[in-house]
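S.K.: Just add 266 to wherever you are in the sequence shown, counting from 1, and you've got our numbering. Structure in structure tokens, see below.
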Amino acid sequence: MRILLTNDDGFNAPGLQAIQRVLRNLGSVDVVAPVTEQSGVSHSITYLRPLTAEPFGDDSQVAGWAVDGSPADCVKLGISELLDEPPDLV
């Protein structure tokens with residue numbers, strides 16, 4: 267199973283690291299998370315500036331993409347541009 271994991275606390279959040287370790291038991295985990303904390307922005311999307319995504323980490327810990335945008339931006343960009351195949355679970 268292919269899993270797309272995001273959050274609203276940012277790519278360095280300890281909770282993101284913990285859940286990725288657990289989800290690896292279920293399948294392949296792709297992390298696409300905001301660069302900064304984004305709590306409370308709900309389903310907002312970025313439209314007045316370009317979105318940027320930078321790879322972070324290594325495969326032994328949390329690795330994935332840090333997106334300068336909202337959690338919704340992360341999911342949209344992950345599915346449409348960053349992942350080779352669509353996820354089975356978000």
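Beta carbons: idealized from backbone N, C-alpha and C, even for Gly. Note that the structure is predicted; figures quoted are calculated from it, not measured.
#1: Can you tell me whether DSSP reads residue 339 as helix, strand or coil?
#2: For the region 275-337, which segments carrying the alpha helix (DSSP H) assignment without a break, of at least 4 residues, lie completely within its bounds, in sequence order?
#3: On the criterion of 16 or more Cβ atoms from any shown chain inside 10 Å, does residue 339 qualify as buried, or is it exposed?
#4: So the candidates are 351, 344, 290 and 289; which of them puts its Cα closest to the Cα of residue 321?
#5: For residue 272, count the other beta carbons within 10 Å of its own beta carbon; 16 or more makes it buried, fewer makes it exposed. Which is it?
#6: Would you check if the distance between the CB atom of residue 301 and the CB atom of residue 279 is smaller than 8 Å?
#7: Would you mind reading off the limits of the beta strand (DSSP E) that contains residue 271?
#8: Quick one: what does DSSP say residue 355 is sitting in, helix, strand or coil?
#9: Can you list, in chain order, the residues of its chain whose CB lies under 7 Å from that of residue 267, leaving out five sequence neighbours each side?
M.R.: Well, looking at it:
#1: In the displayed model, residue 339 falls within a helix according to three-state DSSP.
#2: Qualifying alpha helix (DSSP H) stretches, in chain order: 280-289.
#3: Buried, by the Cβ-count rule.
#4: Selected option, being the one with the closest Cα: 344.
#5: Label assigned to residue 272: buried.
#6: At a Cβ-Cβ threshold of 8 Å, residue 301 and residue 279 do not count as neighbours.
#7: Residue 271 -> beta strand (DSSP E) spans 268-271.
#8: Residue 355 falls in the strand class under three-state DSSP.
#9: Result list for residue 267: 292, 293, 354 and 355, in chain order.
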